[in-house]
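Going line by line, the protein sequences match chains A and B.
Count along the first sequence from 1, add 19, and you get the number used in our numbering.
In terms of our numbering, the second sequence has 184 at position 204, counting the first letter as 1, and numbering is strictly consecutive.
All C-beta atoms in this analysis are idealised placements derived from N, C-alpha and C, irrespective of residue type, glycine included.
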Amino acid sequence: MQENENWIPEAEAIAATVGHPPGTPPGLYDRLKYVAEVLQALGEDGATIEGACLAYRQADRTVHVAALAAETIVGRSEDAAIPVEDSRLSRQHFRLRTLEGLWEVEDLSSTNGTRVNGESMIVEQPRSLCSGDLIEAGSTVFVFIVSAPIS
Amino acid sequence: MDPTRTSLIERVGLSENPAWEEFYAIYWAPIIRYARKLGLQESEAHDVLQETMVALMGILPKFKYDRRKGRFRNFLLTIVHRKCLAVHRRVKRKGEVPIDVPVGESRLAPIDRLVEQADASEPDESAWQEALMLVAMKRLEADPRIKSESLAAFRAYVIEGQAASAVAQAFGIKQNALYQIRNRLIKKLQDEVAVLMRQSQLED
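If you want it as structure tokens, here you go:
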């Protein structure tokens, strides 16, 4: 196909040819777009992400990132490890914790519930997380990110 | 630097485009195929894809290309492979039994054997090349210079493994013509895979 073996088509051209055929994980591309937006906003603010973090955008469009401890409670209460101004959040809405490198989220019997990647959580049934998962609680969408060096 | 030899990674390091989207469009299927080839379940392969893309989002904006250092050779495959190992470790720690494995059946996947080897961190380049065939075939299908009948005969003979005589008869061509189609399209496939390999890695 390439008469000149050194020639490489533009990536855009390849991407356009390949497209997004059926079979792509449902909803993943849209979720990733949101993650990219939040990461870009954080980058513009000069924020850095190291280790396990929770990033989120508030109603005023400000973007925040918080490092996670071994156990972190997120909610409306000022006593929560990550307090978030969102009237639809319960005072202690959900908990993130890690055990032997595994991260999980658990809804703490919140009034309005918690969803992970669009799926509603069942109270007292923790769900494991992987980097890039979206946690919806109240009116806020949180991005769970684990940053690890690649090189 | 010869601009025609720049790879996707070099270009995205120089541009402000959200290039992870191009990586996604080109490589989502090969990434899933590679993870499945190592023995991960479909949902685990999706986790690998997601984590790879999030890692790219964090890395690409900071990327500064330096050919002399050559640190980013096999860049994308290195990330994908490590994410496969990480997801596999997570599954093992959780003791999860995938739904689609029958009760009593061993789940000794290639990745189980791989993690026991000293060079487990080394990506399986041949599996990656095989995974890239998916995209390469789509590229051929979109090439207006290739007749759809030739592609259909190629698919039946080479990919589906039907007998040459039966395929030749079904398409109304001589067997020699079928062999020529096979040789020509295999060469094109190899060219496409080589392009895709170069897009995802830096060369020496």
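Within-8 Å CB hit, residue i to chain A
i	result
B:Met177	no
B:Gln30	yes
B:His26	yes
B:Gly19	no
B:Trp0	yes
B:Val34	yes
B:Pro41	yes
B:Lys127	no
B:Gly38	yes
B:Tyr4	yes
B:Lys154	no
B:Arg16	no
B:Lys74	yes
Minimum C-alpha distance to residue i - residue among the options
i	options	result
B:Leu165	B:Leu40, B:Ser130, B:Phe55, B:Gln21	B:Ser130
A:Trp122	A:Leu58, A:Ala89, A:Gly157, A:Asp64	A:Ala89
B:Ser185	A:Thr43, A:Val142, A:Ala55	The requested residue 185 of chain B is not part of the displayed model; chain B covers only -19 to 184.
A:Ala71	A:Val142, A:Thr91, A:Ala55, A:Gly65	A:Thr91
B:Glu140	B:Glu2, B:Tyr7, B:Arg162, B:Pro103	B:Arg162
B:Gln170	B:Ala146, B:Ala116, B:Gln179	B:Ala116
A:Phe113	A:Glu119, A:Gly62, A:Ser139	A:Ser139
A:Leu61	A:Tyr48, A:Asp49, A:Gln77, A:Gly46	A:Gln77
A:Arg50	B:His26, B:Leu20, B:Gly152	B:His26
A:Phe161	A:Pro45, A:Glu69, A:Gly65, A:Ile101	A:Ile101
Cross-strand partners of residue i (DSSP beta bridge)
i	result
A:Tyr75	A:His83, A:Phe161
A:Glu123	A:Arg116, A:Ser147
A:Val135	A:Glu138, A:Ile154
A:Val93	A:Ile101, A:Phe113
A:Ser166	A:Gly70
Min CB distance residue i to chain B below 8 Å
i	result
A:Gly70	no
A:Gly62	yes
A:Leu87	no
A:Tyr75	no
A:Ile164	yes
A:Leu58	yes
Residues within the segment 116 to 130 of chain A neighbouring chain B, beta-carbon criterion of under 8 Å: Identification of residues in the segment 116 to 130 of chain A having a C-beta nearer than 8 Å to some C-beta of chain B yields Glu119, Gly120, Leu121, given in sequence order.
Residues of the segment 138 to 161 of chain A with Cβ closer than 9 Å to any Cβ of chain B, in chain order: For the segment 138 to 161 of chain A, which is checked against every Cβ of chain B, the residues closer than 9 Å are Ser147, Cys149, Ser150, Gly151, Asp152.
Contact residues within the segment 42 to 55 of chain A, judged by C-beta distance below 9 Å to chain B: Sequence-ordered contacts of the segment 42 to 55 of chain A with chain B read Gly42, Thr43, Pro44, Leu47, Tyr48, Arg50, Leu51, Lys52, Val54, Ala55 [C-beta pairs closer than 9 Å].
The segment 23 to 33 of chain B in contact with the segment 127 to 142 of chain B per 3-pair CB rule at 8 Å: Result no; under three Cβ-Cβ pairs closer than 8 Å.
Given 8 Å, three or more beta-carbon pairs between the segment 154 to 161 of chain A and the segment 131 to 146 of chain A: With the cut-off at 8 Å, the segment 154 to 161 of chain A and the segment 131 to 146 of chain A touch.
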